[in-house]
Amino acid sequence: MFEGVEEVWMDGEFVDFEDATTHVLSHALHYGTGVFEGVRCYDTAKGSAVFRWDEHLDRFYQSAKPYDMEIPFDRDELTEATLELIRREGLDSCYIRPLAFRGHGPLGVDPRGAPVSVTVAVWPWGAYLGEEALEEGVDVAVSSWRKHASSQIPTNSKTTGAYVNSVLASLEADSNGYVEAIVLNKEGNVAEGPGENLFLVRDGELYTTGLSESILDGITRQSVIEIAEDLGYEVHDTVSISRGELYTADELFFTGTAAEVTPIRSVDDNVIGEGTKGPVTDEIQTKFFEVIEDAPEAYADWFTPV
Ligand SMILES: Cc1ncc(COP(=O)(O)O)c(C=O)c1O
Numbered sequence: 058m059f060e061g062v063e064e065v066w067m068d069g070e071f072v073d074f075e076d077a078t079t080h081v082l083s084h085a086l087h088y089g090t091g092v093f094e095g096v097r098c099y100d101t102a103k104g105s106a107v108f109r110w111d112e113h114l115d116r117f118y119q120s121a122k123p124y125d126m127e128i129p130f131d132r133d134e135l136t137e138a139t140l141e142l143i144r145r146e147g148l149d150s151c152y153i154r155p156l157a158f159r160g161h162g163p164l165g166v167d168p169r170g171a172p173v174s175v176t177v178a179v180w181p182w183g184a185y186l187g188e189e190a191l192e193e194g195v196d197v198a199v200s201s202w203r204k205h206a207s208s209q210i211p212t213n214s215k216t217t218g219a220y221v222n223s224v225l226a227s228l229e230a231d232s233n234g235y236v237e238a239i240v241l242n243k244e245g246n247v248a249e250g251p252g253e254n255l256f257l258v259r260d261g262e263l264y265t266t267g268l269s270e271s272i273l274d275g276i277t278r279q280s281v282i283e284i285a286e287d288l289g290y291e292v293h294d295t296v297s298i299s300r301g302e303l304y305t306a307d308e309l310f311f312t313g314t315a316a317e318v319t320p321i322r323s324v325d326d327n328v329i330g331e332g333t334k335g336p337v338t339d340e341i342q343t344k345f346f347e348v349i350e351d352a353p354e355a356y357a358d359w360f361t362p363v
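Below you can see the structure in the form of structure tokens.
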């Protein structure tokens, strides 16, 4: 995955890949006190550009808030560091991973004595669930692990430690022979995938779980809502979706920076629709890829040129 990656930006400097290390007594290693982002840079018709960088930066700073973590670099500094890193690595398209974490300081649950480190790494990355998944769809299973409620760990914050929930759901899905999991929330309704939001199509309208369902406020989710509305679809984005509705949906698909727009062809071995990418999913996915390939004028503010 990291073959050919030469440098990582770390606390204000570009350091060699092998030197981008931290102490074993870092607070984040023990207590999960880090926040991160996952962003894509696309090779668009108008040149390399980072997709929805401003929104990812907004979420990065917001993620740190509940943890009383001040990120010691401002937006311009992180933007310049990231764009320069992409240029130095010579990448036209890539995945971008900003991370802020509590480093080596006093080791107790209270994090405030531990310094905050900030890093950005970039690397080449294709389709997360595979090219075939984008065309044919994926087989998923409802996880026996529930998503933690936002009253336990804020789910609108992309916190490193909280991702053990996603790790458990992914491990379970994989060991049972599924590509991905769907995680229910504490109430037993649909939350999201381990790294994706979920959309359901019924009678030509779109439904996606609301922010109070213990989900991450996905930036691809926001983009797909906008694209779908621009295409004339009615989108219901504050709803609860029950487990049973998954099985009877006309179409289902995941959205995420990694998964982009990935159709779901079965849930718990129940075939969804025709068992392949449905027509609404196809139209939205096609438009999504057109937007990231062309960076058209109508969506120009979604792109930050490298
Ligand atoms: C738990 C979870 N839900 C949803 C998403 C999708 O969010 P985005 O579209 O911003 O990548 C992600 C990925 O970041 C995630 O980790």
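Residues are numbered in the numbering used here as their position in the sequence shown, beginning at 1, plus a constant of 57.
We put the beta carbon where it would ideally sit given N, CA and C, even for glycine.
task = Provide the residue span of the alpha helix (DSSP H) that contains Glu112, from first to last.
result = Taking the first residue of the sequence shown as position 1, residue 112 is located at position 55. From DSSP, the alpha helix (DSSP H) with Glu112 extends over 110-121.
message = Per the DSSP calculation, Phe59 is bridged to which residue(s)?
response = Residue numbering aside, residue 59 sits at position 2 when the sequence shown is read from its first letter. None; Phe59 has no bridge partner.
inquiry  = As an exercise, report each continuous alpha helix (DSSP H) stretch of at least 4 residues that is fully enclosed by the region 270-305, in chain order.
reply    = 276-287, 300-305
inquiry  = Please identify the residue among Glu141, Gly183, Asp115, Val72 whose C-alpha is closest to the C-alpha of Met58.
reply    = Your numbering for residue 58 matches position 1 in the sequence shown. Closest option to Met58, Cα to Cα, is Gly183.
Distance cut-off 8 Å: Gly275 Cβ against heavy atoms of ligand 2 = Only ligand 1 can be found as ligands here, which leaves ligand 2 out of the picture.
key: Given 8 Å, three or more beta-carbon pairs between the region 179-195 and the region 80-87   = no
Assigned exposure category for Ala357 - 16 Cβ within 10 Å defines buried = Looking up residue 357 in the sequence shown gives position 300. Label assigned to Ala357: exposed.
ask   = Would you call the region 326-343 and the region 303-317 in contact, with 3 or more CB pairs under 8 Å?
value = yes
inquiry  = Contact defined as beta carbons within less than 8 Å: I believe Val240 pairs with Lys204. What is the distance between those atoms, to the nearest angstrom?
reply    = Position 183 of the sequence shown, counted from the first residue, corresponds to residue 240. Position 147 of the sequence shown, counted from the first residue, corresponds to residue 204. Right, their Cβ atoms sit about 4 Å apart.
query = CA-CA distance, Glu302 and Asn246?
reply = By 1-based counting over the sequence shown, the position of residue 302 is 245. By 1-based counting over the sequence shown, the position of residue 246 is 189. Going from the Cα of Glu302 to the Cα of Asn246 covers about 10 Å.
Closest Cα partner of Glu331 within the set Leu273, Ile341, Glu249, Val195 = The residue labelled residue 331 in the question sits at position 274 within the sequence shown. With distances taken between Cα atoms, Glu331 lies closest to Val195.
message = Could you check whether the Cβ of Pro155 sits closer than 8 Å to any heavy atom belonging to ligand 1?
response = Your numbering for residue 155 matches position 98 in the sequence shown. Pro155: no, Cβ never under 8 Å from ligand 1.
query = Expressed to the nearest angstrom, what Euclidean distance is found between the alpha-carbon atoms of Gly89 and Cys98?
reply = Working through the sequence shown from its first residue, we reach residue 89 at position 32. Working through the sequence shown from its first residue, we reach residue 98 at position 41. Each residue's alpha carbon lies about 27 Å from the other.
query = Which of helix, strand or coil does DSSP assign to Glu188?
reply = Start at 1 with the first residue of the sequence shown, and residue 188 comes out as number 131. Glu188 falls in the helix class under three-state DSSP.
ask   = Enumerated in chain order, which unbroken segments of the beta strand (DSSP E) with a length of 3 residues or greater are wholly contained in the region 156-206?
value = 173-180, 195-199
ask   = Under a three-way DSSP split, which group does Asp307 fall into?
value = To locate residue 307, count along the sequence shown from 1; it is residue 250. Note: Asp307 maps to coil in three-state DSSP.
task = Kindly indicate which three-state DSSP category Val224 falls into: helix, strand or coil?
result = Position 167 of the sequence shown, counting from 1, holds the residue named residue 224. Helix, per DSSP.
key: Closest residue to Arg154 among Gly162, Leu164, Leu142 (Cα-Cα distance)   = Reading the sequence shown from its first residue, position 97 is the one you call residue 154. Comparing Cα positions, the closest option is Leu142.
ask   = At what residues does the alpha helix (DSSP H) containing Thr212 begin and finish?
value = Locating residue 212 in the sequence shown gives position 155, counting from the first residue. Looking at the DSSP string, Thr212 is not in any alpha helix (DSSP H), and its letter there is neither H nor E.
ask   = According to the Cβ coordinates, are Val318 and Thr277 closer than 9 Å?
value = On the sequence shown, position 261 is the one that residue 318 refers to. On the sequence shown, position 220 is the one that residue 277 refers to. Yes, these two residues count as a Cβ contact at 9 Å.
task = Indicate, with yes or no, if ligand 1 has a heavy atom lying under 8 Å from the CB of His87.
result = On the sequence shown, residue 87 is found 30 positions in, with the first residue counted as 1. Not under cutoff, so the answer is no.
query = Cα separation between Val173 and Gln342?
reply = For the purposes of this step, residue 173 is taken as the residue at position 116 of the sequence shown. For the purposes of this step, residue 342 is taken as the residue at position 285 of the sequence shown. Cα to Cα, Val173 sits roughly 38 Å from Gln342.
message = On a Cα-Cα basis, can you pick out the residue from Ala190, Leu148, Ser269 that is closest to Thr101?
response = Here residue 101 refers to the residue found at position 44 when the sequence shown is read from its first residue. Of the candidates Ala190, Leu148, Ser269, the one whose C-alpha sits nearest the C-alpha of Thr101 is Leu148.
ask   = Around the C-beta of Glu63, are 16 or more other C-beta atoms found within 10 angstroms, so that it is buried, or is it exposed?
value = The residue labelled residue 63 in the question sits at position 6 within the sequence shown. Exposed, because fewer than 16 other Cβ atoms sit within 10 Å of the Cβ of Glu63.
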